[in-house]
């Protein structure tokens, strides 16, 4: 059953304050603890490896699936394979956060491998929040691997957020878009202390009129390090836009190594990246309104990561 | 002595229609053919390897050095090491093109390795044009390697142009900037046929208030391929701006893989890249003024690469 810590983590990573409506699967310390399927959304355990299949019937509209993961023990290395089948013409929300409360000195690690088949004309919004906490010195590690197949006219909107407290993350996101498919990825990341974060995104625009937009915003504090590799490849008449903005503070380090590759003369690809500190004039303006320097900075960072 | 072909190539790569004023060194088919030093600029052959030392006295102002290279024979693989010493407070122009007329079916290749020491407060403008021609099927290959050391307050402006006719190029440019040094690189490149071009730029901003700007514009036609790796690393309070624009036509392919890396919280780095075709409305506008589609495209490309 869920403890007070579990509930706090569920609120952080999945905005859940009670058992969710609709389909859900709650995984804790490497095991499924609660599950619910609905008439249109079936969740079933995989038979060959840890993880679940989430099957959304064609035409399902306005329903949601929550599949949060909680780790509350040290020395745990959890690996899970989830496969999503979003049926033709469906329109659903998937919420898939992961929170780690590490009480000890040993590492707690979760590796989530998510594969999505978004069928013709289907639409999915996907929200993934990552969060770590715990009084111990044990590292909190989260390595998500996300693979998307977007069929003709399919749309996916991904909101990938690392709130705070994650010591080490290697994010890998890969997508292949067919004709008229559309993908939006919004990434928000905060690192602090001695944390390390790496995000590798590869989007292949294979179908005519496929379009994508990637928006990455990050804040690197203390001695933390961040590396971004967003890549968009245009194989057809298509459009892609990648925008990376990072705020760097203290002794942090940020590298952005985007790639745009046009293999078709009607591919239109744009990339913008900027790394810099908080705008001084914004801090001064907020301080003139009565905030301390620290409060002013905090307010600006919150706005930037919103 | 210089033939009619030699003179045509010198006009293309170094805007030379006669023997230049000031210091110069003309290299043809792997050998120096004419050389001139002045009171302030000494040019002397290296003793340990092919190439020359160009020594500009401190305080030299308004003078120029021309060091064009001509290849007019097939089956030639020329490798040359040139070292430039631009003395404190000097302000000079260096013109260093290379043109290949390959009459045969074997490859003609020139590898120029240029190293620049730009001393305190000195200023250099450097123009390098690359051009290939010739009735034969032999490849024309140009691989320039340029290394720059900019001391405190030094300024360098590089204009690197590949006009046309170069089958294969791997350009490598590396620079290290000390306090208040400033570097501008403008790259212009046209590829056509089955040509391949790669440009790798690494700029390290090590000193406080070092600044750099990289502007790359390219046109890829036919089945040609281009790859760009511009990289700017900020190790101090500094500013860097990289802008890559490519026009892609026919079955050409273009990849841009820029990197900005901030290792200091006062480093301010920005990158922008765009790959796309010629704007259709511009073509239509010029066609409405009486130009054919081909003429309209040509006019736009000329403007873009200017």
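Residue numbers (the numbering used here), protein chains in the order written: chain A, 14 to 319; chain B, 14 to 319.
Glycine residues also receive a C-beta, built at the ideal position from the N, C-alpha and C atoms.
Predicted model only: the values in this text are computed from it and were never measured.
- By the rule that beta-carbons nearer than 8 Å mark a contact, residue 273 of chain A touches chain B.
- For the stretch 280-312 of chain A, the set of positions with a beta-carbon nearer than 8 Å to some beta-carbon of chain B reads 280, 281, 282, 283, 284, 285, 286, 287, 288, 289 and 290 in chain order.
- When DSSP states are grouped into helix, strand and coil, residue 310 of chain A belongs to the helix group.
- By the neighbour-count criterion, in which a residue is buried when 16 or more other Cβ atoms sit within 10 angstroms of its Cβ, residue 194 of chain A is buried.
- Identification of chain A residues near residue 198 of chain B by a Cβ-Cβ cut-off of 8 Å yields none; the smallest Cβ-Cβ distance measures about 18 Å.
- Boundaries of the beta strand (DSSP E) harbouring residue 48 of chain A: 44-49, taken from the DSSP string.
- Three or more pairs of CB atoms, one per stretch, sit closer than 8 Å, so the stretch 260-280 of chain A contacts the stretch 259-271 of chain B.
- Think of a sphere of 8 Å around the beta carbon of residue 278 of chain A: the chain B residues whose beta carbon falls inside it are 261, 262, 263, 264, 265 and 290, in chain order.
- Under the 8 Å Cβ criterion, the stretch 122-137 of chain A does not count as touching the stretch 20-35 of chain A, having fewer than three qualifying pairs.
- In this structure residue 157 of chain A is in contact with residue 141 of chain A, their Cβ atoms being roughly 7 Å apart against a cut-off of 8 Å.
- Chain B places a beta carbon closer than 8 Å to that of residue 268 of chain A, counting this residue as a contact.
- The three-state reading of DSSP puts residue 76 of chain A in strand, counting E and B together.
- Residue environment analysis places residue 118 of chain A among the exposed positions, since fewer than 16 neighbouring C-beta atoms fall within 10 angstroms of its C-beta.
- The beta carbon of residue 310 of chain A lies closer than 7 Å to those of 291 and 296 in the same chain, with the five residues before and after it left out.
- Uninterrupted beta strand (DSSP E) stretches at least 3 residues long and entirely within the stretch 279-309 of chain B occur at 280-289, given in chain order.
- With a minimum length of 3 residues, the unbroken runs of beta strand (DSSP E) contained wholly in the stretch 55-143 of chain A fall at 65-69, 74-79, 82-84, 89-99, 104-108, 111-114 and 121-131.
- Taking 8 Å as the cut-off, the beta carbon of residue 56 of chain B is found no closer than this to the beta carbon of residue 42 of chain B.
- Residue 78 of chain B places its beta carbon 8 Å or farther from that of residue 68 of chain B.
- Minimum Cα-Cα distance from residue 150 of chain A among the listed residues A:284, A:223, A:88 and A:216 corresponds to A:88.
- Secondary structure at residue 316 of chain B: helix, using DSSP grouped into helix, strand and coil.
- Check the Cα spacing between residue 293 of chain A and each of A:145, A:261 and A:183: the tightest is with A:261.
- Assignment of residue 196 of chain A by DSSP, reduced to helix, strand and coil, places it in the strand class.
- In this structure, the alpha-carbon of residue 278 of chain A lies about 27 Å from that of residue 287 of chain A.
- Excluding its 5 nearest sequence neighbours in each direction, residue 221 of chain B has C-beta neighbours in its own chain below 8 Å: 192, 193, 249, 250 and 251, listed in chain order.
- Here residue 95 of chain B is near residue 125 of chain B, since their CB atoms are less than 8 Å apart.
- Cα atoms of residue 266 of chain B and residue 169 of chain A: separation of roughly 28 Å, rounded to the nearest angstrom.
- The closest CA to that of residue 282 of chain A, considering only A:301, A:306 and A:256, is found on A:256.
- For residue 223 of chain A, the enclosing beta strand (DSSP E) stretches over residues 223-233.
- In this structure residue 203 of chain B is in contact with residue 232 of chain B, their Cβ atoms being roughly 5 Å apart against a cut-off of 8 Å.
- In the three-state reduction of the DSSP assignment, residue 25 of chain B falls in the helix class, which pools H, G and I.
- Residue 82 of chain B places its beta carbon 8 Å or farther from that of residue 120 of chain B.
- Residue burial is scored here from C-beta neighbours: residue 206 of chain A has fewer than 16 other C-beta atoms within 10 angstroms and is therefore classed as exposed.
- For residue 18 of chain B, the secondary structure class from DSSP, reduced to helix, strand or coil, is helix.
- By the Cβ neighbour-count rule, residue 229 of chain A is buried, with 16 or more other Cβ atoms within 10 Å of its own.
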